[in-house]
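This report refers to the structure that appears directly beneath it.
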Amino acid sequence: MYFKEKKYDVFQMFNDRWALATAGIIDDYNTMTIAWGSMGTIWGPPHKGKPILTIYVSPARYTHNYLEKNDYFTVSFFSEEFRRDLSILGSKSGRDGDKVALTSLTPVSVEHGVDFEQAELTFVCRKLYSHQFEKEQVPQEVADWIYTRVPPHTMFIGEVVDVIER
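What follows is the structure in structure tokens.
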């Protein structure tokens with residue numbers, strides 16, 4: 294796995310650039326903009342842990358259903374010129390129609406999922422674990438700020454099985 298040798302600035306990637314989390318196959322998928330994520334390793338001896346990417350998705354989001362029912366998901370990062378497209382995909386719901394058609398992005402089939410031609414960097418992940426946060430367990434200031442009207446997010450941990458760089 295050559296990508297284990299690469300260095301990714303995950304703080305900048307998620308917080309500043311955003312990404313698309315996508316689950317499903319090219320004929321039946323959904324995608325959404327995310328700004329929360331983390332990377333690291335889990336479940337292995339020293340120097341042999343599984344490389345993982347973790348995303349956090351609200352159960353209210355349509356993509357959440359796709360993440361639950363599929364074994365794989367992708368997380369794609371784009372250059373700044375696609376910020377408007379990511380804004381659209383974060384504010385519209387796939388329940389209401391083909392929101393990708395409102396953007397300049399082109400979905401493409403990849404092994405285990407869906408990517409976008411315009412993505413600079415995509416992580417293909419095999420879902421290892423998911424867990425919905427419990428409101429009582431998150432810091433009170435977070436619960437007061439985010440979880441007053443919506444249920445807590447679900448954490449999806451995926452083993453990175455491939456990296457696509459363009």
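If you read the sequence shown in the numbering used here, its first letter stands for residue 294, the second for the next number, and so on.
Just so it is clear, CB atoms sit at the ideal spot from N, CA and C, and this is done for glycine as well.
Treat the numbers as computed from the prediction; the structure is a model and nothing was measured.
Spatial distance of residue i from residue j (CA atoms)
| i | j | result |
| --- | --- | --- |
| F409 | A394 | 13 Å |
| I327 | P338 | 30 Å |
| Y301 | L414 | 10 Å |
| K392 | Q425 | 26 Å |
| L398 | V350 | 22 Å |
| F370 | I318 | 19 Å |
| H405 | D320 | 13 Å |
| S402 | N358 | 19 Å |
| V303 | T334 | 13 Å |
| K341 | R310 | 29 Å |
| A412 | E434 | 35 Å |
| C418 | E458 | 15 Å |
| V431 | S423 | 16 Å |
| W438 | G330 | 19 Å |
| V443 | A436 | 10 Å |
| K299 | R376 | 25 Å |
| W336 | M306 | 24 Å |
Cβ pair residue i, residue j closer than 7 Å
| i | j | result |
| --- | --- | --- |
| L360 | A316 | yes |
| K420 | D364 | yes |
| I348 | F449 | yes |
| P352 | T447 | yes |
| K428 | P445 | yes |
| E452 | K362 | no |
| G468 | N323 | The chain is shown only over 294 to 459; residue 468 falls outside these bounds and no answer can be derived. |
| R354 | M325 | yes |
Chain D contact for residue i (CB, 7 Å cutoff)
| i | result |
| --- | --- |
| A328 | Structure shown: chain D not included; a single protein chain is present. |
Range of the contiguous beta strand (DSSP E) that encloses residue i
| i | result |
| --- | --- |
| I439 | Per DSSP, I439 belongs to no beta strand (DSSP E) and is neither H nor E. |
| S369 | 365-370 |
| Q430 | Note, Q430: premise wrong, no beta strand (DSSP E); not H, not E. |
| S402 | 400-403 |
| K343 | 343-350 |
| E452 | 447-458 |
| G390 | Neither: G390 is in no beta strand (DSSP E) and is coded neither H nor E. |
Delimiting residues of the alpha helix (DSSP H) encompassing residue i
| i | result |
| --- | --- |
| H357 | 355-362 |
| D378 | 376-384 |
Whole-Å CB distance - residue i paired with residue j, under 8 Å assumed
| i | j | result |
| --- | --- | --- |
| I381 | T367 | So it is not a contact: roughly 18 Å between Cβ atoms. |
| T356 | A312 | The pair is not a contact, with the Cβ atoms about 12 Å apart (cut-off 8 Å). |
Task: Runs of beta strand (DSSP E) wholly within the stretch 298-330 (minimum 3 residues, chain order) - done: 312-318, 321-327
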